[in-house]
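To start, the structure under review is shown below, and the notes come after it.
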Amino acid sequence: MKIYNTLTGRKETFVPLAAGSVNMYVCGVTVYDVCHIGHARSAVVFDAIRRYFHYRGYNIRFAKNFTDIDDKIINKAAHDGIPWDQVAEKYINKYYEDMHRLGVQDADLEPRATGHIREIIDIVKGLVEKGHAYVIEGDVYFSVPSFPGYGKLSGRRLEEMLAGARVEVDERKKNPMDFALWKSSKEGEPAWESPWGPGRPGWHIECSAMVLKHLGETIDIHAGGADLIFPHHENEIAQSEAYTGKPFVRYWMHNGFITVNREKMSKSLGNFFTVEEILQRFDPESVRLFLLQTHYRSPIEFSNEPLEEAEHTLERFYQSLERLEDFLILPAGKLESVPPGFEDEEGILVSFKKRFMQAMDDDFNTALAIGHIFELIKEINRFLDAKPSGARAGEMMSRAKQELAEAANVLNVFNRTPAQWQRALLQIKKIELDETSIERLIEERRQARAQKDWKRADEIRAELDAKGITLEDKTGSTAWRVKI
RNA sequence: GGCGGCGUACCCAAGUGGUAAGGGAGAGGUCUGCAAAACCUCGAUGCAGCGGUUCGAAUCCGCUCGCCGCCUCCA
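Start counting the first sequence at 48; every next residue gets the next number (the numbering used here).
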């Protein structure tokens with residue numbers, strides 16, 4: 048298994064600290080507002096990666112935090128006139144709601160900053176004692192020059208950063224790059240008691256504290272959005288390694304951004320689309336597929352078109368799956384006939400599994416893995432086109448279904464039944480007809496067709512079409528689909 | 001200014017040395033009462049441009065052009 052490690056800038060063979068186990072920490076969200084699609088990308092991507100580790104038999108401990116105290120939360124609380132902890136609670140709940148819809152599994156551990164104040168204080172105290180941090184008027188700062196490795200993750204040197212001169216200058220700090228570990232609270236702000244007076248943790252320290260407490264001094268993987276590389280993750284390394292004297296993280300993983308008009312989607316630019324509003328227009332599975340169809344480190348340009356394409360892609364998948372299932376429920380024909388050219392279908396299945404794993408093993412290439420799924424789909428369609436029959440053909444197709452289900456389970460897309468997909472479309476496309484009335488019209492049309500009353504049959508078809516339902520006449524029955 | 005990334009068909013996108021996956025759109029075909037959908041087939045002699053290394057380059061090196069990100073809160 049190979050993972051691109053931001054620390055080295057290379058793909059490296061993944062060797063976990065303890066054989067067979069993975070300790071993984073993902074930076075979650077600061078809960079001061081609803082999630083946009085960029086947050087969703089990070090969550091979905093690392094969810095798929097986590098599922099793949101599990102599939103590969105690793106015993107994975109997966110932690111994802113909530114930053115539930117910070118300036119933005121305090122500002123939001125003041126703005127909305129509600130207590131800061133209610134702001135946090137509200138958006139944590141909203142996060143769960145959005146992510147569950149997108150098929151993101153809860154982490155094994157979901158620690159919150161405010162639940163680790165004691166641990167944070169212990170680390171800050173330790174850093175002060177070791178001379179890596181200093182106290183000024185109730186604030187505690189980490190002394191960046193005291194940590195020689197500073198800049199190793201983001202690939203920059205201290206002198207260069209100072210030259211940039213975009214750093215806000217706080218005269219009290221010994222070095223402009225020094226960052227807050229502990230911030231004293233003003234009157235009326237949330238505060239916890241500490242050796243330096245009432246205050247709250249700085250942003251970076253919570254992650255160090257939670258990693259240390261729940262996963263250990265050195266963990267296998269730490270992940271998050273690429274915008275966290277500097278300063279957040281750089282600072283985490285500095286404070287953690289200065290404190291423990293041990294390497295903090297073995298593999299750093301960072302996902303790429305979502306862009307709008309080629310610009311990074313962000314709150315400050317105002318060019319963001321919330322998960323909620325996207326899910327009003329698209330089925331969650333379409334969104335998840337859209338996110339996984341591009342490699343996690345590449346940028347994704349956001350617009351309707353690729354989401355609509357993802358819908359078509361799913362339609363194609365479920366059409367084929369339905370066809371496969373139709374074949375499987377049919378009694379196996381007496382005639383043993385595997386069409387010529389398909390004798391080695393089992394070999395194709397074996398190679399599918401191999402290629403799927405190869406793709407995922409290569410830095411979690413979900414885009415390629417999905418490509419392989421469609422190669423298999425094409426193969427299955429060709430096989431069924433050739434009108435196979437008999438027990439062996441049945442076994443081969445049931446094995447194919449099994450293989451597809453396994454891959455689908457890892458990605459958590461292509462994971463429903465064709466009927467569930469159609470029902471979901473009925474809802475998301477806001478079709479005014481329900482299943483029963485559609486079935487009733489189909490039955491009426493069937494009778495018309497039996498009497499060769501083509502005019503009436505065509506009328507019904509046109510009527511359904513106008514309402515967004517397409518009919519598909521198969522031998523002996525008629526299926527309906529939501530037009531997309 | 002410093003550091004990093006990207007540029008593959010009409011669109012999206014995988015591919016980091018061995019002769020261009022996959023999806024969407026399009027064209028042709030099969031099926032059909034006719035349709036539609038679906039399915040099958042086709043589709044880049046070519047990977048921003050130029051030069052170099054190599055038996056061999058989208059992949060490595062150099063230069064040029066264009067775009068983006070980080071350096072400040074950010075997934």
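For each residue, glycine too, the CB sits at the ideal point set by N, CA and C.
Nearest-angstrom Cα separation, counted from residue j out to residue i
| i | j | result |
| --- | --- | --- |
| ARG23 | GLN469 | This structure cannot settle anything about residue 23, because the visible part of the chain is limited to 48 through 531. |
| GLN133 | ASP118 | 15 Å |
| ASN412 | ARG402 | 11 Å |
| GLY523 | MET407 | 42 Å |
| GLY211 | MET224 | No answer about GLY211 holds up, because its pLDDT of 49 lies below 50 and its placement is not dependable. |
| THR77 | ALA87 | 13 Å |
| PHE461 | GLN366 | 11 Å |
| GLU136 | ASN106 | 31 Å |
| ILE276 | GLU442 | 50 Å |
| LEU156 | LEU511 | 49 Å |
| SER436 | ALA379 | 6 Å |
| GLY394 | ARG370 | 22 Å |
| SER345 | ASP115 | 29 Å |
| ALA526 | ASP520 | 6 Å |
| GLY303 | LYS530 | 33 Å |
| GLU383 | LYS434 | 11 Å |
| GLU426 | ALA447 | 10 Å |
| THR360 | SER255 | 41 Å |
Residue span of the beta strand (DSSP E) that contains residue i, given as start and end
| i | result |
| --- | --- |
| GLY246 | 246-248 |
| THR77 | 68-77 |
| GLU59 | 57-60 |
| ARG309 | Here ARG309 belongs to no beta strand (DSSP E), and DSSP marks it neither H nor E. |
| ALA509 | Segment 501-513 is the alpha helix (DSSP H) holding ALA509; no beta strand (DSSP E) there. |
| THR341 | Careful: THR341 lies outside any beta strand (DSSP E) and carries neither H nor E. |
| LEU480 | Unbroken run through LEU480: none, as it is neither H nor E. |
| LYS293 | Here LYS293 belongs to no beta strand (DSSP E), and DSSP marks it neither H nor E. |
| ILE228 | Contrary to the premise, residue 228 reads as Leu rather than Ile in this sequence. Note, LEU228: beta strand (DSSP E), 226-231. |
DSSP state of residue i mapped onto helix, strand, coil
| i | result |
| --- | --- |
| ASP155 | coil |
| ASP186 | strand |
| HIS179 | coil |
| ASP520 | strand |
| ALA270 | strand |
| ARG203 | coil |
| ALA65 | coil |
| LEU488 | helix |
| GLU348 | strand |
| ARG165 | helix |
| LYS260 | helix |
| GLY211 | Note on GLY211: pLDDT 49, under 50, position unreliable in the model; no value is reported. |
| ARG297 | strand |
| ASN282 | helix |
Host alpha helix (DSSP H) of residue i (start-end)
| i | result |
| --- | --- |
| THR525 | Where THR525 is concerned, there is no enclosing alpha helix (DSSP H), although the beta strand (DSSP E) it sits in stretches over 524-529. |
| PHE581 | Past the boundaries of the shown model lies residue 581; the chain is included only from 48 to 531, so the question cannot be answered. |
| TRP468 | 465-475 |
| LEU54 | It is not in any alpha helix (DSSP H) - LEU54 carries neither H nor E in the DSSP assignment. |
| GLY48 | The sequence shown places Met at residue 48, rather than the Gly named in the question. Note, MET48: premise wrong, no alpha helix (DSSP H); not H, not E. |
| ASN318 | No alpha helix (DSSP H) holds ASN318; DSSP gives it neither H nor E. |
| GLN449 | 438-458 |
Near the ligand ATP: residue i beta-carbon under 6 Å from a heavy atom
| i | result |
| --- | --- |
| LYS177 | With respect to the ligand ATP, the structure offers nothing, as it holds no ligand at all. |
Inset, instruction - Answer yes if the stretch 235-244 comes into contact with the stretch 164-179, meaning at least three C-beta pairs across the two stretches below 8 Å, and no otherwise. - result: yes
Inset, instruction - Would you be able to state if there are at least three C-beta pairs under 8 Å between the stretch 419-429 and the stretch 62-73? - result: no
Inset, instruction - Tell me, please, whether the stretch 318-334 touches the stretch 221-236 by the rule of three or more beta-carbon pairs shorter than 8 Å. - result: no
Inset, instruction - Give, in chain order, every unbroken run of the alpha helix (DSSP H) that is at least 4 residues long and sits entirely within the stretch 353-418. - result: 392-408
Legend entry - Entirely enclosed beta strand (DSSP E) segments - the stretch 79-153, minimum 3 residues: 106-114
Inset, instruction - Kindly confirm or deny that the stretch 450-459 and the stretch 489-508 touch, where touching means at least three C-beta pairs closer than 8 Å. - result: no
Legend entry - Meets three-Cβ-pair contact criterion under 8 Å: the stretch 289-298 and the stretch 263-274: yes
Legend entry - Cβ contact (3+ pairs, closer than 8 Å) linking the stretch 135-149 and the stretch 252-262: no
Inset, instruction - Check whether the stretch 48-68 touches the stretch 303-314, taking contact to mean three or more Cβ pairs, one atom from each stretch, closer than 8 Å. - result: no
Inset, instruction - Assess, as a yes-or-no matter, whether the stretch 332-339 is touched by the stretch 87-101 under the definition of 3 or more beta carbon pairs within less than 8 Å. - result: yes
Inset, instruction - Check whether the stretch 195-206 touches the stretch 279-295, taking contact to mean three or more Cβ pairs, one atom from each stretch, closer than 8 Å. - result: yes
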